[in-house]
Every structure is written in structure tokens, then in C-alpha cells.
């Protein structure tokens, strides 16, 4: 619990210090974070794909409950040009890596251990998702399952 409170406090600080205008219709702010092997993966490297940015953490029960839906969407839409860019706000990489392995997560995963990226993106709670079109424009923020399905069908025609 102490870990969750300290991460949340840092996220709030980072949100105020580094936030940008992140809203529907705006261009997504660049992200460049390390993946499970330590290699930096930039959000801009995914241009040309429809991308769901998913802020989450291993200790977040609501986040873990979304994994089956994300697996279903990824399986269905990934061959059509859909990618999930999962951003963990865990402050310890071993917890994050363990959660990815135990939950069988196969999409891109990066770690925002400092909370700086979450702050830039105005993320003050998790799970928090942003759907981007192929040009990197934000199409939806925290869409429902139905809204997400509708957007994906439309964007991946």
C-alpha cells in the first residue's frame, strides 16, 4: 500500500510539473521508454498503426481486469494494423516483468518508473487509455469497450 501511495503522489507531482495539453483531436506527445529488455521504444515508431496507449501497473486490480479484453482486441485487430503500447507505472521493474509474464501479455510493454510520462499525459489514475489514429492523433480517451470496438472497426477499414 505504501508503494501505491508513493507512486500516486509522484504521479500527481509529475502531472502538475510536466503536463501538456492532451485532448481528443490533439497530436499525441512523444513517448520513449524502455521495454522488457531495456530497449527504448518510441511511440512515433508506431506511426501508420492504430495505437491504444494503456497506462497500468501490476498492483492495480482494475488494470489487471482489463487484460482479457485487451488480449481479445489485440488478437482480433493486430493483424489489421492495431498495436497496444502498454505503459506500466510500477516503480520496480521486477513487479512489472512478473505481471507481464504471469498474465501472458504479448503486446508492447514499456516502463515509466519515474512517472514522468504519466505526468506529461495528465494521467492521474489508472487504468487510463488513449486511442490514436494512424497519424498519431488522439481519437478517444478512456473509451468504453463498445466505443473502442466502434473506433477500431472504423479506423482499420
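In mature numbering (1 follows the signal peptide of the UniProt record, and there is no 0), the protein residues as written are -19 to -1, 1 to 138. The beta carbon of each residue, even a glycine, is placed where N, CA and C say it ideally should be.
Pairing residue 33 with residue 65 gives a Cβ-Cβ distance under 7 Å.
Here residue 61 carries a helix assignment [DSSP, helix/strand/coil]. Per DSSP, the continuous alpha helix (DSSP H) segment holding residue 133 begins and ends at 126 to 136. When secondary structure is reduced to three states using DSSP, residue 35 falls in the strand class. Residue 4 and residue 10 have their C-alpha atoms some 11 Å from each other.
In the three-state reduction of the DSSP assignment, residue 100 falls in the helix class, which pools H, G and I. A straight-line Cα-Cα distance of about 16 Å links residue 84 and residue 16. Separation of the CB atoms of residue 108 and residue 41 is rounded to 7 Å, and the pair is thereby assigned contact status at 8 Å.
One thing to note: residue 112 has its Cβ no nearer than 7 Å to the Cβ of residue 99. By the 16-neighbour rule on beta-carbons within 10 angstroms, residue 79 is exposed. Restricting attention to 135, 24, 131, 37, the CA atom closest to the CA of residue 69 is found in 37. Here DSSP, grouped into helix, strand and coil, assigns residue 17 to coil.
A Cβ-Cβ distance of about 6 Å is found for the pair residue 63 and residue 137, placing them in contact under the 8 Å criterion.
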